[in-house]
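Asks: Shown below is the structure under consideration.
Numbering (our numbering), first residue to last: 728 to 769.
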(Lines of atoms letter the chains of each structure in order from A and count residues from 1; the text may use other names and numbers.)
(Lines give C-alpha, C1' and ligand atoms only; values in the text may rest on other atoms or scores of the structure.)
Protein backbone atom coordinates (compact mmCIF):
# COMPACT_ATOMS: atom_id res chain seq x y z
CA UNK A 1 0.00 0.00 0.00
CA UNK A 2 2.80 2.43 0.84
CA UNK A 3 4.35 1.91 -2.59
CA UNK A 4 1.20 3.29 -4.21
CA UNK A 5 1.24 6.46 -2.09
CA UNK A 6 2.05 9.35 -4.47
CA UNK A 7 4.02 11.13 -1.74
CA UNK A 8 6.47 8.20 -1.55
CA UNK A 9 6.50 7.03 -5.16
CA UNK A 10 8.82 8.01 -8.02
CA UNK A 11 8.17 7.07 -11.65
CA UNK A 12 11.11 7.09 -14.04
CA UNK A 13 10.42 6.71 -17.75
CA UNK A 14 13.60 6.07 -19.73
CA UNK A 15 13.27 6.38 -23.51
CA UNK A 16 14.47 3.30 -25.37
CA UNK A 17 14.96 1.33 -22.17
CA UNK A 18 14.74 -2.43 -22.60
CA UNK A 19 15.52 -5.12 -20.06
CA UNK A 20 17.51 -3.72 -17.13
CA UNK A 21 20.34 -6.20 -17.39
CA UNK A 22 20.93 -5.12 -21.00
CA UNK A 23 19.90 -1.47 -21.15
CA UNK A 24 21.18 0.11 -17.93
CA UNK A 25 24.29 2.11 -18.73
CA UNK A 26 26.74 3.53 -16.18
CA UNK A 27 24.98 6.92 -16.10
CA UNK A 28 21.61 5.36 -15.28
CA UNK A 29 23.11 3.05 -12.67
CA UNK A 30 24.76 6.05 -11.00
CA UNK A 31 21.40 7.89 -10.97
CA UNK A 32 19.72 4.87 -9.39
CA UNK A 33 22.45 4.56 -6.76
CA UNK A 34 22.17 8.27 -5.89
CA UNK A 35 18.36 8.02 -5.70
CA UNK A 36 18.51 4.91 -3.49
CA UNK A 37 21.06 6.48 -1.14
CA UNK A 38 18.98 9.64 -0.83
CA UNK A 39 15.84 7.61 -0.12
CA UNK A 40 17.58 5.88 2.80
CA UNK A 41 18.64 9.17 4.40
CA UNK A 42 16.12 10.25 7.08
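All C-beta atoms, glycine included, are put in the ideal place defined by N, C-alpha and C.
All values derive from a computational prediction rather than experimental measurement.
Express the C-alpha separation of residue 762 and residue 733 in angstroms, rounding to a whole number.
Replies: Roughly 16 Å separates the two Cα atoms.
Asks: Starting from residue 759, trace the alpha helix (DSSP H) in both directions and tell me its first and last residue.
Replies: Where residue 759 is concerned, the enclosing alpha helix (DSSP H) stretches over 753 to 767.
Asks: How is residue 742 classed by DSSP in three states: helix, strand or coil?
Replies: Coil at residue 742, not helix or strand.
Asks: Among 760, 764 and 751, whose alpha-carbon lies nearest the alpha-carbon of residue 742?
Replies: For the residues 760, 764 and 751, the minimum Cα distance to residue 742 belongs to 751.
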